[in-house]
Amino acid sequence: MAKKRRRRRRRNRVARVFAVLLSIMLLLIAAVGLYYNSLLNRLSFDQGGSVTAQNSSAAPQEAMIQPDSTPIPNEEITQISSSNKAEGRVHKEKNVINILLIGSDYRIPHTSDPGRADVTMLCSLNRKTGSIKLVSFERGIMVDVPGVGTDLLTHSFHWGGAELTTQILREYFLLDIAGYAHVDFDSFSALVDAVGGVDINLTDAEAWALGLASGPNHLDGANALRYCRLRSIDSNWQRIARQRTTVQAILNRVKNMNVTELDQLSQQVLPLIHTDLSKAEITSILLNATKFLGVTAEQMTVPDNNDQHCDFQYESERLKNYLYG
Numbered sequence: 224m225a226k227k228r229r230r231r232r233r234r235n236r237v238a239r240v241f242a243v244l245l246s247i248m249l250l251l252i253a254a255v256g257l258y259y260n261s262l263l264n265r266l267s268f269d270q271g272g273s274v275t276a277q278n279s280s281a282a283p284q285e286a287m288i289q290p291d292s293t294p295i296p297n298e299e300i301t302q303i304s305s306s307n308k309a310e311g312r313v314h315k316e317k318n319v320i321n322i323l324l325i326g327s328d329y330r331i332p333h334t335s336d337p338g339r340a341d342v343t344m345l346c347s348l349n350r351k352t353g354s355i356k357l358v359s360f361e362r363g364i365m366v367d368v369p370g371v372g373t374d375l376l377t378h379s380f381h382w383g384g385a386e387l388t389t390q391i392l393r394e395y396f397l398l399d400i401a402g403y404a405h406v407d408f409d410s411f412s413a414l415v416d417a418v419g420g421v422d423i424n425l426t427d428a429e430a431w432a433l434g435l436a437s438g439p440n441h442l443d444g445a446n447a448l449r450y451c452r453l454r455s456i457d458s459n460w461q462r463i464a465r466q467r468t469t470v471q472a473i474l475n476r477v478k479n480m481n482v483t484e485l486d487q488l489s490q491q492v493l494p495l496i497h498t499d500l501s502k503a504e505i506t507s508i509l510l511n512a513t514k515f516l517g518v519t520a521e522q523m524t525v526p527d528n529n530d531q532h533c534d535f536q537y538e539s540e541r542l543k544n545y546l547y548g
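Note that this note's numbering numbers the sequence shown so that position 216 is 439, with each residue one more than the last.
What follows is the structure, encoded as structure tokens:
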């Protein structure tokens, strides 16, 4: 009997210890969950859905299109003629998530003018291989804007915001785009400052235009923005290459950050970003984030070879081969 009582007491002690450890574990999980949710809540979530076009006949949702009556400020932009939308079905793979990065040039304070999409860049993340691919879309590509008519891709942001720009790229190129991440000029400068600036190697012409020394430079947010917008020395084709160079420089800055530094960075950066990605999609990316640290991104531009005509069918096939290989 005494042995049985001792065994029962031991079992009871083990059960109590197990219950305490389980309670602590559940509390830790709950705390992590609450912290993670508070982290995501720092983002500015937009209400636009992430509807993927299934074929070339799909049209942008009319609810997305609320034409702005504010005139678009004049700026010399080379128009790139275009053909009909690509035909076929959207190609997608479960391990690849494509996010459209939009940088808008907010134009006129205290008005309803949202500006234009100065940066329209697809960031393709392969969660299996850890590769990153960047695709810049020329802002002068001519597209049909519902309720407006034929206009520049960059102007689609003015007429319907990030949702419309994203939807147009989905349809014209048959792209599987999960959603967008949008910042304006001020937010971009703040983002660069938050990572501690970026290291850029300036050519003689770039250095002259920016009033800096040629060669390696450490740029703060204001100068990084000037670098990304620079095209007076060459053309918009070189400007969008500079934009991709800056994205790579940002990736290089965060690759050696520890957990504490990344947490501090998230607190500064996440409130600057507007997105329509769901929390589940963002979680999926973050769970694979370590794979992308230190990666050198592959890069390309649409249309190909400084062409002044955009053949959507050709570019759609080129994008499919590039993104999914």
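Note that beta-carbon positions come from the ideal geometry of N, C-alpha and C, so glycine has one too.
Where residue i falls, given that 16 or more other Cβ within 10 Å makes a residue buried
i	result
A503	exposed
P526	buried
S455	exposed
L509	exposed
P337	buried
N278	Confidence in N278 is poor, its pLDDT being 31 and thus under 50, which makes the residue's placement too unreliable to answer from.
I288	In this prediction, I288 has a pLDDT of 45, which is less than 50 and means its spatial position is unreliable; nothing more can be read from the coordinates.
E538	buried
W431	exposed
K351	exposed
P283	Because P283 carries a pLDDT of 35, less than 50, the predicted location of this residue cannot be relied on, and the following value inherits that uncertainty. When all chains shown are included, P283 counts as buried.
S304	exposed
G444	buried
S359	buried
K317	exposed
T524	buried
S458	exposed
Residues sharing a beta bridge with residue i, DSSP
i	result
F268	T498
V421	L442
G338	For G338, which the question treats as bridged, DSSP gives no partner whatsoever.
K356	S347 and E521
S305	C533
M365	L375
Extent of the continuous alpha helix (DSSP H) to which residue i belongs
i	result
G384	L376 to F396
E540	F535 to Y547
I463	N459 to V477
A430	D427 to L433
V406	Per DSSP, V406 belongs to no alpha helix (DSSP H); it is in the beta strand (DSSP E), G402 to D407.
V492	V482 to V492
L315	It should be noted that the sequence gives Lys, not Leu, for residue 315. Taken as a continuous stretch (DSSP letters only), K315 belongs to no alpha helix (DSSP H), as it is neither H nor E.
A436	That residue, A436, is in no alpha helix (DSSP H); it is neither H nor E in DSSP.
7 Å Cβ cutoff met for residue i and residue j
i	j	result
V415	A447	yes
V313	D399	yes
F380	T388	yes
N440	L425	yes
I505	V418	no
I300	L375	yes
H497	D328	no
Q461	L357	no
K308	E394	yes
D534	S306	yes
L442	I463	no
V421	I391	no
G402	D499	yes
K514	G311	no
L542	F396	yes
L495	A413	yes
Straight-line Cα distance separating residue j from residue i
i	j	result
I218	A385	The structure shown does not extend to residue 218, since the chain is modelled only from 224 through 548, so no value can be given for it.
A254	A512	Residue confidence for A254 is low, a pLDDT of 48 falling below 50, so the modelled location carries little weight and cannot support an answer.
S437	V368	42 Å
L516	L493	18 Å
G370	T343	22 Å
S507	S267	18 Å
L546	N529	20 Å
A428	S501	42 Å
I355	L323	13 Å
Q490	K478	17 Å
V482	L488	10 Å
R476	G434	24 Å
H378	T519	31 Å
G372	W382	11 Å
R465	R449	10 Å
S347	N264	24 Å
T468	D409	19 Å
N321	H532	25 Å
Range covered by the beta strand (DSSP E) that runs through residue i
i	result
T524	E521 to V525
S327	V319 to S327
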